[in-house]
Amino acid sequence: MSQAVLEHETAPSARMDLLRFATAGSVDDGKSTLIGRLLYDTKTIFADQLEAVEAASASRGDEYTNLALLTDGLRAEREQGITIDVAYRYFATPKRKFIIADTPGHIQYTRNMVTGASTADLALILVDARKGLVEQSRRHAFLTSLLRVPHLVLCINKMDLVDWDKAVYDKIADEFTSFAAKLEIGDLTIIPVSALNGDNIASRSENSPWYDGPSLLHHLEHVHIASDRNLVDVRFPVQYVIRPQSTTVTDYRGYAGQVASGVLKPGDEVMVLPSGMTSTIAGIDTADGPVDEAFPPMSVTVRLNDEIDISRGDMICRPHNAPAVAQDVEAMVCWMDESAPLRVGAKYAIKHTTRSARTVVRGLQYRLDVNTLHRDEQADGLQLNEIGRVRLRTTVPLLADEYRRNRTTGGFILVDEGTNRTVGAGMIIEAQ
Amino acid sequence: MTQTKPYRVSHLDALEAESIFVMREVMAEFERPVLLFSGGKDSIVMLRLAEKAFAPARIPFPVMHVDTGHNFAEVLEYRDQRVATLGLNLVVASVQEAIDSGHVRELPDGTRNRIQTPVLLAAVEKYRFDALFGGARRDEEKARAKERMFSFRDEFGQWDPKNQRPELWALYNGRHHPGESIRVFPLSNWTELDVWHYIAKERIPLPSIYYAHDREVVERNGMFYAVNEFIRLRDGETSEVRRVRYRTVGDASQTAAVLSEADTVEKVIDEVAATRITERGATRGDDKVSEAAMEDRKREGYF
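Going down the list, the protein sequences come from chains V and Z.
Using UniProt numbering, read the first sequence as starting at 1 and increasing by one per residue.
Using UniProt numbering, read the second sequence as starting at 1 and increasing by one per residue.
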């Protein structure tokens, strides 16, 4: 196995930050190999795992250690040679800890890519340099934009098989850039790599002197994600009310939750939805003591100066910056259930922030072809992996923002009330 | 307004916030949660997170130990002390009692990992627990890499990897019918090193066997097993006193120690960061049975 020159220290420290990224690629474009390479080059792979993979490669007759085998998980998958679900992988460098949501690329797995992308700071899409952009590459770029993943990296893989020809890279990069311009993609980086040989993965390769960008790992370590958080709109969904039944702590009433966006400080004037009552923040508590401010993604407990009736599912915000209090919602919905399609008139359970309700599908404006972006306005339902613009009416108001402005207060899931399965993922376009 | 503060969040703070969020979700949405507490380091960290999630209130659910009867004395002592300090209700699901009453049968090889599962499921049924917090991490093992934060189990406690609920954003779906339950893994996104960094940061005391100490051990397949009432020397084997520590604490008849000089948490972190073998690969005889050993046990209802 070839050894990439490692330009990084390998012992992670306790002072790193966290980057979550989702990977997507089509069949055989080397995604598993790329992930295996990242794990290998950051020394995340352990000796016993490598031994197992070397043995498995040898028995398969592979000419090289097949790093793809590192990420093949379940026996069910090995037997069928497929990946059936999102798998999570972890590695770290001294700068960052990384969580990879590894999503299979096959056409029917839109569901998995949407799932992986929902929590991702960055999406990594692979294409095979010999094949160029395929239908799935466009679909992956579209889903990245739909899910508002702030950063996108396109890895043009297998550059060794096109002799590191700059013209091949330029052609794919140009084509992808002009396609991406039609989507809302904030930040795009394109890197020529060979996952198999480790070129431009952990360090810059000598095979691409014409490429003056970063290696993949360098980019992952340095891409600026702190500003991706919304620190402007105060949104604090109340998760749980803490009221100790104790003789030592009396009269304590705290609203526990995770800050969705904005910065909260003691003394701030706040409004509680849906009641619209206002108060001021008396204190922000954690088990380690009170804090001067709370911001995403902190889990804290907020105390208010006035006694207001507040329960789970309510939202603390600012009087002049509040989400919509809405029972009518327009949203893009990705359907995730194979047993039954989304139908107009059907009722589902809906979970939005910490609020649960019921909802009825009032209308389906169109179904979107995720490959051509064509809108089919004649569609009467959404099958598994289909995406469409849907109008919902909910039993109680949602405290909602547009998904494009706030991924936490703009996303929801639909649950089948009979099977209890999660059947749909929604991104709010408009709430009123 | 200019932004001068970085509002920096370290990876440990982010992981802690996520785990606390998950625990509060469970408390808000379930009737009878329970936290599986073995006295192992992952369940110890999970218990600390539970303390933090509900402070200044007490931890609002009981803890349960599925007791194989093959215990390290130091760990049992730690368990009882911790439970007493936090004022918790401890449920012990005893494998020995289940064997004595004929509910499960001892395996020919005397190992009890596999027969823990029916004992766990019987306790879930008896106490009607609907959410079980487990300390499993996705970095531990291949099958666990595909596990959800909220893992649905049918009325037989079974995990079906092909029929898992998609998990989007932080919107966890805990809905279930009576008799079904959800396993919840708040440490899903933590790695072994994250756990140790957190133990150092929070100064969490651990059972002494996690740190280097002298112990009489016997070497088998490159693993060092303590010689005690559960592991006796076989013909031709000799024991020796070595300096060891435990990386995982499971059934005492199945868990091996590693050679180590690390007698403080900082030294353990240095060792873990430099180590080249996975924690289960180094210390767990039970995972060496086959490549899919964990997958099979999880399907049967194992943690």
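Even for Gly, the Cβ is constructed at its ideal location relative to N, Cα and C.
Taking the alpha carbon of residue i as the reference point, which residue from the options has its own alpha carbon closest?
| i | options | result |
| --- | --- | --- |
| Z:S208 | Z:G40, Z:L15, Z:D13 and Z:L12 | Z:G40 |
| V:V423 | V:T409, V:R343 and V:Y252 | V:R343 |
| V:Y40 | V:T93, V:H224 and V:A379 | V:T93 |
| V:G186 | V:V300, V:V223 and V:P237 | V:V223 |
| V:S248 | Z:D13, Z:L49 and Z:R58 | Contrary to the premise, residue 248 of chain V reads as Thr rather than Ser in this sequence. Closest option to V:T248, Cα to Cα, is Z:R58. |
| V:R243 | V:Y255, V:D233, V:P237 and V:R235 | V:Y255 |
| Z:V34 | Z:V218, Z:F152, Z:S181 and Z:A212 | Z:S181 |
| V:Q383 | V:L398, V:T419 and V:C334 | V:C334 |
| V:S246 | Z:N113, Z:P56 and Z:R24 | Z:P56 |
| V:V241 | V:R253, V:W164 and V:V153 | V:R253 |
| V:S339 | V:A431, V:V415 and V:R235 | V:V415 |
| V:A346 | V:E54, V:L188, V:S205 and V:R362 | V:R362 |
| V:D228 | V:Y348, V:T409, V:D121 and V:V259 | V:D121 |
| residue 371 of chain Z | Z:G102, Z:G179 and Z:D235 | There is simply no residue 371 of chain Z to check, as chain Z begins at 1 and stops at 303 in what is shown. |
| V:D102 | V:R204, V:R96 and V:M113 | V:M113 |
| V:L38 | V:A195, V:L152 and V:L154 | V:A195 |
Rounded to whole angstroms, what is the Cα-Cα separation between residue i and residue j?
| i | j | result |
| --- | --- | --- |
| Z:L171 | V:K166 | 44 Å |
| V:F412 | V:V263 | 23 Å |
| V:G276 | V:V396 | 15 Å |
| Z:A256 | V:G388 | 54 Å |
| V:A117 | V:V86 | 10 Å |
| V:E184 | V:R405 | 13 Å |
| Z:S290 | Z:L132 | Because Z:S290 sits at a pLDDT of 48, beneath the cut-off of 50, its placement in the model cannot be relied upon, and the point is left open. |
| V:V390 | Z:Y78 | 55 Å |
| V:A287 | Z:Q254 | 37 Å |
| Z:G69 | Z:L15 | 33 Å |
| residue 337 of chain Z | V:E377 | No answer is possible for residue 337 of chain Z: it lies beyond the span of chain Z, which begins at 1 and ends at 303. |
| V:S2 | Z:V241 | Residue placement at V:S2 is flagged as unreliable, the pLDDT there being 35, under the threshold of 50; a coordinate-derived value is accordingly withheld. |
| V:R303 | V:P104 | 44 Å |
| V:D251 | V:L50 | 57 Å |
| V:S145 | Z:V268 | 43 Å |
| V:D62 | V:H218 | 30 Å |
| V:S261 | Z:F54 | 22 Å |
| Z:R215 | V:I191 | 53 Å |
| V:A52 | V:I45 | 11 Å |
| Z:E271 | Z:V244 | 12 Å |
| V:V162 | V:A24 | 22 Å |
| V:N200 | V:G213 | 9 Å |
| V:L392 | V:E330 | 6 Å |
When burial is assigned at 16 or more other CB atoms within 10 Å of the CB, is residue i buried or exposed?
| i | result |
| --- | --- |
| V:S59 | exposed |
| V:I31 | Sequence inspection shows Lys at residue 31 of chain V; the Ile mentioned does not correspond to that position. Its Cβ being crowded by 16 or more others within 10 Å, V:K31 is buried. |
| V:G198 | buried |
| V:W210 | exposed |
| Z:H11 | buried |
| V:N230 | buried |
| residue 306 of chain Z | Chain Z is shown from 1 up to 303; residue 306 of chain Z falls before or after that span and cannot be answered. |
| Z:Q164 | buried |
| Z:S19 | buried |
| V:H140 | buried |
| V:H352 | buried |
| Z:G110 | exposed |
| V:T177 | exposed |
| V:R375 | exposed |
| Z:T117 | buried |
| residue 443 of chain V | Residue coverage of chain V in this structure runs from 1 to 432, which leaves residue 443 of chain V outside it and unanswerable. |
Subject >> Members of the region 206–231 of chain V that neighbour chain Z once the beta carbon cut-off is set at 9 Å >> reply: Residues A226, S227, R229 and L231.
Subject >> the region 125–140 of chain V touching the region 152–164 of chain V, judged by at least three CB pairs closer than 8 Å >> reply: yes
Original post:
Okay, do the region 85–99 of chain Z and the region 115–126 of chain Z touch, 3+ Cβ pairs below 8 Å being the bar?
Top reply: Yes: the two stretches touch, three or more of their Cβ pairs being nearer than 8 Å.
Original post:
Listed in chain order, which residues of the region 47–63 of chain Z have Cβ atoms closer than 8 Å to some Cβ of chain V?
Top reply: Contact annotation: in the region 47–63 of chain Z, residues whose CB is within less than 8 Å of a CB in chain V are E51, K52, A53, F54, A55, P56, A57 and R58.
**OP:** Below 7 Å between beta carbons is the criterion; list the residues of the region 92–120 of chain Z that meet it against any residue of chain V, in chain order.
**Re:** none
Original post:
Using Cβ-Cβ distances below 9 Å, what residues of the region 171–203 of chain V are close to chain Z?
Top reply: none
Original post:
If you pair each beta-carbon of the region 196–208 of chain Z with each one of the region 163–183 of chain Z, do three or more pairs fall below 8 Å?
Top reply: The region 196–208 of chain Z is not in contact with the region 163–183 of chain Z.
Original post:
Are the region 366–374 of chain V and the region 317–331 of chain V touching, with three or more C-beta to C-beta distances below 8 Å?
Top reply: no
**OP:** Determine, using beta-carbon pairs with one atom in the region 190–204 of chain Z and one in the region 218–230 of chain Z, whether at least three such pairs fall under 8 Å.
**Re:** Taking a contact to require three or more Cβ pairs closer than 8 Å, the region 190–204 of chain Z and the region 218–230 of chain Z do not qualify as touching.
Subject >> Members of the region 231–251 of chain V that neighbour chain Z once the beta carbon cut-off is set at 8 Å >> reply: L231, Q239, Y240, I242, R243, P244, Q245, S246 and V249
Original post:
Are the region 350–359 of chain V and the region 136–154 of chain V in contact at 8 Å, needing three or more beta carbon pairs?
Top reply: no
**OP:** Taking only beta carbons into account, state which residues of the region 157–172 of chain Z come closer than 9 Å to chain V, listed in chain order.
**Re:** P161, K162, N163, Q164, R165, P166, E167, L168, W169, A170, L171 and Y172
Original post:
Can you list, in chain order, the residues of the region 6–19 of chain Z whose Cβ is nearer than 9 Å to any Cβ on chain V?
Top reply: P6, Y7, R8, V9, S10, H11, L12, D13, A14, L15, E16, A17, E18 and S19
**OP:** Output, in sequence order along the chain, the residues in the region 122–153 of chain V whose CB is closer than 8 Å to any CB in chain Z.
**Re:** none
Original post:
Between the region 78–87 of chain Z and the region 259–274 of chain V, do at least 3 Cβ pairs fall closer than 8 Å?
Top reply: no
Subject >> Residues, ordered as in the chain, of the region 134–159 of chain Z that lie near chain V by beta-carbon distance below 7 Å >> reply: Against chain V - using a Cβ distance shorter than 7 Å - the residues of the region 134–159 of chain Z are R138, D139, K142, A143, A145 and K146.
Subject >> Where the region 195–223 of chain Z meets chain V: residues whose CB sits under 8 Å from a CB there >> reply: H197, A200 and K201
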